Amino acid sequence: MDFFSIEFWVGFQMVVELIIVFLILFYLRNLKTGIREDASRQVVEKVIEILEPLLKEAENTAKTFERQIQEKHLLINKINEKLDARIISLNLLMARSESHLKREMAAPSQEGFHVYDQQQAILDLYETGLDSESISKKLSMPKGEVDLVINLKKKFVSMD
């Protein structure tokens, strides 16, 4: 009957109390870790809740800037195309004016230069031995017109 002695029961009670103390410590430790995880999770969730609207706003702002940049890029391309077209137009006008100026400087003054005078000038140059192309360049006249005057003169001479 040693099992029912007081010493046995005191020892048994101490073992049970130790087990209970270890269980309580284990529970508190897990509870503390769980509380930490819950607290960490809550903090993370609050931070995410705070940052989410900011991130959405930043994303919307970035999209707006991107759209504006694309619009500006298209606008710049259109302006460049218009400027290129104007430059080409100005270059053509300059080339025309330069050629016109060269013609006027090379050709004798045509003020008061009558059609009959032109025909006579063509015939005079033809009689000096120039061909129709040289005459047309010298008088700034179309080659076909010079040929026509020369051919008509030949026909009139052959009729006589």
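Numbering-wise (the working numbering), the sequence shown opens with residue 4 and increments by one.
Even glycine gets a Cβ: it sits at the ideal position worked out from N, Cα and C.
On a predicted model such as this, the values are computed, not experimentally measured, just so you know.
Can you check which of these residues, the options, is closest to residue i by C-alpha distance?
i	options	result
T131	I153, K146 and G147	I153
D120	S92, R106, V149 and S102	V149
Any 3 or more C-beta pairs closer than 8 Å across the segment 140 to 159 and the segment 122 to 130: yes
Ranges of the alpha helix (DSSP H) found wholly within the segment 117 to 146, counting only runs of at least 4: 118 to 130 and 135 to 142
In chain order, each beta strand (DSSP E) run of at least 3 residues that lies wholly inside the segment 17 to 43: none
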